[in-house]
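Below is one structure, written out as C-alpha cells; comments come after it.
In my numbering, the protein residues as written are 23 to 248.
So this is what it looks like as C-alpha cells:
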C-alpha cells in the first residue's frame, strides 16, 4: 500500500467527526452480539481494502454493526458480505467465496471495496451531515485509485452519494436513475453501475439473486478489462 493510502486509512481509523456514530460504535462493541460475545470488536471506523491499482471499485453505504464494525473489514463477517463474496468468487474477482476476518487469505483481482460512510449508523440510517463529513474520505479514495474504470454502487444511497461527489466536482446536467444493472458514463469517463444491495432482505425476497449479481459483475469485468 502506498504512502497516500496509508495516511488516509490512518486518518479514517482515528476519525471522530460524528459523535453520534462514535458513541454508537462504542455501544455495539461493548454490548456485542450473542454469537460474538467472546470476540474483541474492531470498534473503529472501517477503511476500504483491496488492490490500490484497482480497475473496479465496489461501494456500499456503511459497515455492518456486527460485520465490518466487528471484523475491521468492509463486507466481512455479515450476511451481505457472504452473498457478495459468493458472487465475487463465481465471477473470478476474489480467490475465495467468503470473507470472515482480516488475515483469512482473501485476495481481490484489481478490485477495491469500500463504503461511503466509514462508521455504522444507528438503524443503518445516516443523517445527511454525516454523509457530507465522511464524503471527503471517499473522494480521496476515488482520487488515489488512478487506474479505476468502473464503480459498482450497492444500493440506492451509495449510488446517490457517489453522484453527489461527482456533481460537486463537475457540472452534470444528466439525470441518473437507480435501476439495477443500469450504467452511466461519469465526467471523468469512469462507468457507474447501479446494483441492488445484497442485504438479507433483498436476497430473501429475491429482489436480488445470485445470477443477477453475477451477470452484473461479469459486465463490470468486461468494461473495466479485468
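No residue lacks a Cβ here, since even glycine has one placed at the ideal position from N, Cα and C.
When secondary structure is reduced to three states using DSSP, residue 91 falls in the helix class. About 6 Å separates the CB atoms of residue 124 and residue 94; that is less than 8 Å, so the two are in contact. Contact between residue 77 and residue 169 holds: their C-beta atoms lie close to 5 Å from each other, under 8 Å. The three-state reading of DSSP puts residue 234 in helix, counting H, G and I together. Collapsing the DSSP output to three states places residue 246 in a helix.
Beta-carbon to beta-carbon, residue 206 and residue 200 are separated by about 10 Å, too far to satisfy the 8 Å threshold. Spatial neighbours of residue 139 in its own chain (CB-CB distance under 7 Å, excluding positions within 5 residues in sequence) are listed in chain order as 83, 84, 148, 152, 153 and 156. Relative to residue 40, the option among 150, 102 and 64 whose CA is nearest is 150. In the same chain as residue 38, and ignoring 5 residues on each side of it, the C-beta atoms closer than 6 Å to its own belong to 44, in chain order. With respect to the 8 Å criterion, residue 171 and residue 213 are classified as neighbours on the basis of their beta carbons. In this structure, the straight-line span from the alpha carbon of residue 179 to that of residue 217 is close to 11 Å. Contiguous beta strand (DSSP E) elements confined to the region 143-197 occur at 172-176, taking only those with 3 or more residues. Approximately 6 Å separates the beta-carbon atoms of residue 64 and residue 91; this is inside 8 Å, confirming the contact. Sixteen is the threshold: since fewer than 16 other Cβ atoms of the shown chains lie within 10 Å of the Cβ of residue 25, the residue is exposed.
Inclusion of residue 242 and residue 142 in the CB contact set at 8 Å is not warranted, their separation being larger than that value. Cβ contact annotation for residue 208 (same chain, cutoff 7 Å, sequence separation greater than five): 188 and 214, in chain order.
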